[in-house]
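Colleague:
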Amino acid sequence: MAIVYNHNKKANNCLRQYLSLYLSLSLFLLFLFSCSSARQRQSVSPLIAHQTGIGWIEAVTCKGIVEGEESKPHDESQVFSIQDKQAVMWLKIKDLKEKHTLRWKWYDPQGNLYYDTKDFSIGSENQQYQSAALWHRIGIFGEKAANLFGDWRVKIEFDGKNLISKDFKILGDLDPVITYFSPTTPAVHEKYLRLNVRVEDEVGLKDVQVKINGEVSNVIVQPGSKLITIERKILLHEGRNKVEIIAFNGYRRITKSKDVIYAKKQNIFSDASPYKDSWALVVGIDNYENVPKLNYAVADAKGIKDILIREMNFPEDRITYLTNQEATRENILRYLGDDFPKKTGLEDRVLVFFSGHGYTRKIPTGGEMGYLMPVEAKANNVHSTAISMAEIRDISNLIPAKHILFIVDACYSGLVGLQLRNVGGIKDAGENMAKITQNIGRQVLTAGKADEQVVESDLWGHSVYTKFLIQGLKEREADLNQDGLITSTELHTYLVPRVTEESGYRQTPQIRYMDGEGEFVFILQ
Numbered sequence: 002m003a004i005v006y007n008h009n010k011k012a013n014n015c016l017r018q019y020l021s022l023y024l025s026l027s028l029f030l031l032f033l034f035s036c037s038s039a040r041q042r043q044s045v046s047p048l049i050a051h052q053t054g055i056g057w058i059e060a061v062t063c064k065g066i067v068e069g070e071e072s073k074p075h076d077e078s079q080v081f082s083i084q085d086k087q088a089v090m091w092l093k094i095k096d097l098k099e100k101h102t103l104r105w106k107w108y109d110p111q112g113n114l115y116y117d118t119k120d121f122s123i124g125s126e127n128q129q130y131q132s133a134a135l136w137h138r139i140g141i142f143g144e145k146a147a148n149l150f151g152d153w154r155v156k157i158e159f160d161g162k163n164l165i166s167k168d169f170k171i172l173g174d175l176d177p178v179i180t181y182f183s184p185t186t187p188a189v190h191e192k193y194l195r196l197n198v199r200v201e202d203e204v205g206l207k208d209v210q211v212k213i214n215g216e217v218s219n220v221i222v223q224p225g226s227k228l229i230t231i232e233r234k235i236l237l238h239e240g241r242n243k244v245e246i247i248a249f250n251g252y253r254r255i256t257k258s259k260d261v262i263y264a265k266k267q268n269i270f271s272d273a274s275p276y277k278d279s280w281a282l283v284v285g286i287d288n289y290e291n292v293p294k295l296n297y298a299v300a301d302a303k304g305i306k307d308i309l310i311r312e313m314n315f316p317e318d319r320i321t322y323l324t325n326q327e328a329t330r331e332n333i334l335r336y337l338g339d340d341f342p343k344k345t346g347l348e349d350r351v352l353v354f355f356s357g358h359g360y361t362r363k364i365p366t367g368g369e370m371g372y373l374m375p376v377e378a379k380a381n382n383v384h385s386t387a388i389s390m391a392e393i394r395d396i397s398n399l400i401p402a403k404h405i406l407f408i409v410d411a412c413y414s415g416l417v418g419l420q421l422r423n424v425g426g427i428k429d430a431g432e433n434m435a436k437i438t439q440n441i442g443r444q445v446l447t448a449g450k451a452d453e454q455v456v457e458s459d460l461w462g463h464s465v466y467t468k469f470l471i472q473g474l475k476e477r478e479a480d481l482n483q484d485g486l487i488t489s490t491e492l493h494t495y496l497v498p499r500v501t502e503e504s505g506y507r508q509t510p511q512i513r514y515m516d517g518e519g520e521f522v523f524i525l526q
């Protein structure tokens with residue numbers, strides 16, 4: 002035991018004494034001058050404070066001590082492993098006056114006294130010291146403590162009274178625990194895999210990695226994290242894919258692997274499409290001339306256009322793309338009412354996507370009329386400057402295409418004259434699918450009811466409706482029965498709960514039928 006006394010300015014000249022004392026598990030004491038500390042100060046009990054004048058104490062459990070002009074704890078922790086060399090209880094007290102006794106008591110997980118230092122003296126008569134740093138340790142690795150797993154406690158007594166106590170753990174199992182929640186099956190039919198994994202560790206994680214077919218992707222881990230979840234989409238190649246999660250806690254590096262086989266699921270059309278050709282009109286308007294501007298309608302339109310080209314096999318030269326000043330009433334009606342009737346065939350499909358303002362007008366005899374607002378539309382002259390849903394319905398009858406789907410992501414949508422139908426369950430492949438792809442169909446999907454306003458956010462860079470529309474198509478999530486096809490009914494069924502919840506129940510997507518029993522179908526590649 003080494004003791005160095007440091008007096009304050011009112012004290013006499015410094016006195017340095019060196020004593021040796023043998024303890025079966027070494028006790029080290031070092032009294033050092035200390036100006037300040039970043040650690041949280043802990044008040045001593047009122048009785049001890051009154052008797053000794055001690056103003057505050059600090060106490061931490063740690064794995065080692067850095068010795069120098071000031072002894073400092075190294076690697077503070079309340080969790081130790083069987084491979085740690087030792088557990089240390091470090092103490093610092095202020096304004097030590099006269100002679101006192103200190104005593105460390107270590108208790109194992111069963112509450113038994115594991116080690117007791119007995120009382121030993123600190124300080125000296127008629128002296129005052131600004132601060133005192135002291136510490137004591139028990140060995141772990143190779144010692145009896147390494148076999149006593151669980152919750153430990155160490156207490157320090159000052160002049161026979163309890164000064165402070167600390168709880169800590171000694172762990173026997175050092176392996177991080179990796180749990181796969183998804184994928185749950187060894188074979189999938191989607192090229193995008195939703196990975197959902199939880200990694201836990203009592204010691205605290207230092208590094209976690211995801212490795213897909215040998216390609217490493219790091220996971221951000223806050224130092225000491227005991228639980229992290231990994232949720233991400235990963236791209237698979239055809240055949241067998243190796244998914245590995247690697248976790249390191251400073252002691253053990255554990256890898257848990259899972260093989261996933263990706264095999265394309267053949268849709269009922271095999272290599273033949275139910276459509277001869279595919280056409281689209283995609284409209285997005287942010288910069289309105291006479292009504293409030295929007296933020297993400299153009300981004301919505303661009304996102305849908307990209308999905309159609311890259312994922313849904315729509316030829317780029319068959320897509321008409323109108324944004325802002327191009328999206329006039331005249332242009333929209335020209336493409337819908339003049340171009341599509343001339344260009345499309347009986348075995349074609351037509352998709353019309355509109356993202357912008359909508360308007361709902363009350364009808365004196367009852368009901369409502371919904372309007373799509375082109376860029377120059379005026380709220381006080383809506384019938385002459387906007388496009389009514391009645392016009393949309395009439396134009397759809399002029400287009401010879403087998404299936405037409407209108408997707409309206411507008412602030413308000415009144416769908417007068419259109420039929421609300423119970424969409425029922427998801428249709429399976431086979432006879433039902435053949436029926437809906439052979440029959441004529443005209444449908445409208447809208448972002449909400451007539452009295453609801455669409456929600457958009459900087460967080461998504463889209464409206465909430467288009468956010469999930471893109472997600473459902475791009476990542477195949479809307480293929481609810483995993484048959485390689487997404488029908489308009491299936492798409493609507495996917496959108497309703499997600500949009501409703503994400504919008505804070507301010508939006509409820511709707512589906513309406515203009516004509517026919519058939520349904521527009523997205524064919525996944």
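Position one of the sequence shown corresponds to residue 2 (this note's numbering), numbered consecutively onward. Backbone N, C-alpha and C define an ideal beta-carbon position, used for all residues, glycine too.
(1) Quick one: is residue 163 buried, meaning 16 or more other Cβ sit within 10 Å of its Cβ, or exposed?
(2) According to DSSP, is residue 318 part of a helix, a strand, or is it coil?
(3) Assuming residue 158 is part of the beta strand (DSSP E), what are its boundary residues?
(4) Short check: CB of residue 373 to CB of residue 408, under 8 Å?
(5) DSSP has residue 409 in a bridge; who is on the other side?
(6) Should residue 495 be labelled buried (16 or more other beta-carbon atoms within 10 Å of its own) or exposed?
(7) Taking three-plus beta-carbon pairs below 8 Å as touching, is the segment 466 to 480 in contact with the segment 301 to 315?
(8) Closest to residue 488 by C-alpha separation, out of 125, 513, 524, 67, would be which residue?
(9) So, using beta-carbon positions, are residue 449 and residue 401 closer together than 8 Å?
(10) For residue 364, is the classification buried or exposed, using 16 other Cβ atoms within 10 angstroms of its Cβ as the cut-off for buried?
(11) If you follow the alpha helix (DSSP H) that residue 190 is in, where does it begin and where does it stop?
(12) Would you grab the beta carbon distance between residue 277 and residue 346 for me? Rounded to a whole angstrom, and I think it's under 8 Å.
(13) Report buried or exposed for residue 311, applying the criterion of at least 16 other Cβ atoms within 10 angstroms of its Cβ.
(14) Under DSSP, the beta strand (DSSP E) around residue 497 begins and ends at which residues?
(15) Straight-line CA distance for residue 114 to residue 107?
(16) Just grab the DSSP bridge partners of residue 1 for me.
(17) Please classify residue 285: is it buried, with 16 or more other beta-carbons within 10 angstroms of its beta-carbon, or exposed?
(18) Alpha carbons only, please: which of 250, 371, 258 is nearest the one belonging to residue 384?
(19) Between the C-alpha atoms of residue 116 and residue 127, what's the straight-line distance to the nearest angstrom?
(20) Starting from the Cα of residue 121, find the closest Cα among 136, 109, 111, 131 and give me that residue.
(21) If you count every other CB in all the chains shown that lies within 10 Å of the CB of residue 350, and 16 or more means buried, which is it?
(22) Nearest by alpha-carbon distance to residue 197: which of 209, 213, 189, 180 is it?
(23) Would you report the Cα separation of residue 97 and residue 90, rounded to the nearest angstrom?
(24) At which residues does the alpha helix (DSSP H) containing residue 331 begin and terminate?
(25) List the endpoints of the continuous alpha helix (DSSP H) containing residue 1.
(26) When you compare only the Cα positions, how much space is there between residue 333 and residue 320?
(27) Would residue 406 and residue 444 qualify as a contact pair, given that the criterion is a beta-carbon distance under 8 Å?
(28) If residue 187 and residue 261 are in contact, beta carbons under 8 Å, what's the gap, nearest whole angstrom?
(29) Sort 210, 159, 375, 455 by Cα distance to residue 326 and report the nearest one.
(30) Judging by CA-CA distance, which residue of 75, 355, 69 is the nearest neighbour of residue 62?
(31) If we call anything under 8 Å between Cβ atoms a contact, is residue 248 one with residue 200?
(32) For residue 475, which of helix, strand or coil comes out of DSSP?
(33) Could you name each continuous beta strand (DSSP E) segment of 3 residues or more that falls completely within the segment 91 to 168, going from the start of the chain to the end?
(34) Buried or exposed, going by whether 16 or more other CB atoms sit within 10 Å of the CB of residue 264?
(35) Is it right to say residue 491 is buried, meaning 16 or more other beta carbons lie within 10 angstroms of its own, or is it exposed?
Modeller: Taking the structure as given:
(1) exposed
(2) Note: residue 318 maps to helix in three-state DSSP.
(3) 151 to 159 is the span of the beta strand (DSSP E), which, as asked, contains residue 158.
(4) no
(5) 355, 447
(6) The residue is buried, with at least 16 neighbouring Cβ atoms inside 10 Å.
(7) yes
(8) 524
(9) no
(10) exposed
(11) Here residue 190 belongs to no alpha helix (DSSP H), and DSSP marks it neither H nor E.
(12) 6 Å
(13) exposed
(14) Element bounds for residue 497: not the beta strand (DSSP E) but the alpha helix (DSSP H), 489 to 503.
(15) 6 Å
(16) Outside the displayed span of the chain (2 to 526) sits residue 1, for which this structure offers no information.
(17) The residue in question, residue 285, is buried, as its Cβ has 16 or more Cβ neighbours within 10 Å.
(18) 371 is the residue among 250, 371, 258 whose C-alpha sits nearest the C-alpha of residue 384.
(19) 32 Å
(20) 136
(21) By the neighbour-count rule (16 or more Cβ atoms within 10 Å), residue 350 is buried.
(22) 180
(23) A direct Cα-to-Cα measurement between residue 97 and residue 90 gives close to 19 Å.
(24) 330 to 335
(25) Past the boundaries of the shown model lies residue 1; the chain is included only from 2 to 526, so the question cannot be answered.
(26) If I take the Cα positions, the gap works out to 13 Å.
(27) yes
(28) 7 Å
(29) Of the listed residues, the one whose Cα sits closest to residue 326 is 375.
(30) Relative to the Cα of residue 62, the nearest Cα in the group 75, 355, 69 belongs to 75.
(31) Yes, the Cβ-Cβ distance between residue 248 and residue 200 is below 8 Å.
(32) helix
(33) The DSSP assignment places complete beta strand (DSSP E) segments of no fewer than 3 residues inside the segment 91 to 168 at 101 to 108, 114 to 117, 121 to 123, 129 to 140, 151 to 159, in order along the chain.
(34) With fewer than 16 Cβ atoms within 10 Å of its Cβ, residue 264 is classed as exposed.
(35) buried
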